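Working notes for the structure below.
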Amino acid sequence: MADINIQIKQRNGEIWDNLYPKTKAENVTESAAKRFVSDTEKASWNGKQTALDFTPENASKKGTANGYAELDASGKVPASQLPSYVDDVLEYANQAAFPSTGETGKIYIAIDTNQTYRWGGTGYVEISASLALGETSNTAYRGDRGKTAYDHSQSAHASANAQKNSDITKAEIEAKLTGVISSHSHASGTPSAHGATHITGGADVIPGAVAGGNAGLMSGVDKSKLDGLPNITVNVTEPESPSSGDLWYAII
C-alpha cells in the first residue's frame, strides 16, 4: 500500500484542534515537481489575464443594427430581433389574448380550443372550420382513444357469480366482521432456545455481571467507561455532527 499522510484532529466545541502535526505543510516533502506556491507566484499568474488583450463587446451595440443580438429574461433572443419567418406561428392561451391588431402572414393559435386564425385586416378569421382534434367542447376527440374507452365499457368487469353490493345484508356483514371463533388448531412446537416449562410461564434467570476480565455481561461501571470513550474517525473528510472530545485521524 502506498504511503499516506495522517493528521490527527480533536473536536473542541465547534472547531477541530490539530493535535499532530500542527499544519499539513509539515507532512509535505517538496521536490522540483511538487512544491508550495508562494503568494508572489500566485500574483504573477493572476496578472497574466491582462496580457491576453481581450476586448469585451461594447454594451451600446447590444440589440442594434450591425451590433449583436441580446437575450431576454429566459435566455432567448427576442422575437423582435429574429427574421419574420421564424415566428410566423404564434400561440396564446385563448383568442382573447391575441394582439388587438394582428399581422398579415402570421398564424395565431388559441391553445384552449386548438383552433387557428389569421389576421383579416380588421379582425381574426378562423383559417379552417374543419374538424380540430382536442379535449375541449369545441374540438373532436381522438378516435383511437374513443375506441379504447368504448371497448372498455363493453367488456366484463366481474365474474358472472359476483355478488352486488346492494344484495348483501347487514347481518351478513356483521357475521363476517364480528363472528366468534369457537375453536382453532395449529402445529405444536417448543422454542429451541428454551425448555418446555417456559411455554406457560417459565422465567429466564439473567446472570449477573462478570468481573475479573472474564467473558460475560458488562457491569454498570464498565459500561460507563465505554460510553466515555471519544468517537474515533479515520477518513479524508471531516466527520458529520461530531461531539466535543471526538478524535479525527485526517488522511491528507
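For reference, each letter of the sequence shown is one residue, going 1104 to 1355 in the working numbering. Every residue, glycine too, gets a C-beta built ideally from N, C-alpha and C. The structure presented is a predicted model; accordingly, all values stated were derived computationally and were not measured.
Residue range of the unbroken alpha helix (DSSP H) whose run includes residue i
| i | result |
| --- | --- |
| Asn1149 | Asp1142 to Asn1149 |
DSSP three-state assignment for residue i, whether helix, strand or coil
| i | result |
| --- | --- |
| Tyr1253 | helix |
| Thr1153 | helix |
| Thr1120 | Here the sequence assigns Asp to residue 1120, which means Thr is not the residue at that position. Three-state result, Asp1120: strand. |
| Lys1137 | coil |
| Met1104 | A caution first: Met1104 carries a pLDDT of 47, below 50, which makes its placement in the model unreliable, though a value can still be read off. Three-state result, Met1104: coil. |
| Leu1236 | strand |
| Ala1243 | strand |
| Leu1320 | strand |
| Lys1279 | helix |
| Leu1329 | helix |
| Lys1165 | strand |
| Ala1353 | strand |
Any non-hydrogen atom of the ligand GDP within 7 angstroms of residue i CB
| i | result |
| --- | --- |
| Thr1167 | You won't find the ligand GDP in this model; it holds no ligand whatsoever. |
Distance CB(residue i)-CB(residue j) smaller than 8 angstroms
| i | j | result |
| --- | --- | --- |
| Asp1191 | Ile1212 | no |
| Ile1354 | Asn1334 | no |
| Ile1214 | Glu1238 | no |
| Pro1124 | Gln1113 | no |
Separation of residue j from residue i, as counted between CA atoms
| i | j | result |
| --- | --- | --- |
| Ser1134 | Gly1116 | 38 angstroms |
| Glu1160 | Leu1174 | 14 angstroms |
| Glu1144 | Pro1345 | 37 angstroms |
| Gln1218 | Glu1229 | 7 angstroms |
| Pro1181 | Thr1167 | 12 angstroms |
| Tyr1220 | Arg1245 | 22 angstroms |
| Ala1278 | Ala1252 | 39 angstroms |
| Gly1331 | Thr1132 | 38 angstroms |
| Lys1137 | Asn1108 | 16 angstroms |
N- and C-terminal bounds of the beta strand (DSSP E) containing residue i
| i | result |
| --- | --- |
| Ser1112 | At residue 1112 the sequence reads Lys, which differs from the Ser that was named. Ile1109 to Asn1115 is the span of the beta strand (DSSP E), which, as asked, contains Lys1112. |
Contact with chain D by residue i, beta-carbon distance below 8 angstroms
| i | result |
| --- | --- |
| Ala1353 | No chain D is part of this structure, which consists of one protein chain only. |
For residue j and residue i, believed in contact at Cβ under 8 angstroms, the rounded distance
| i | j | result |
| --- | --- | --- |
| Trp1222 | Gly1249 | Wrong, their Cβ atoms sit about 34 angstroms apart, outside the cutoff. |
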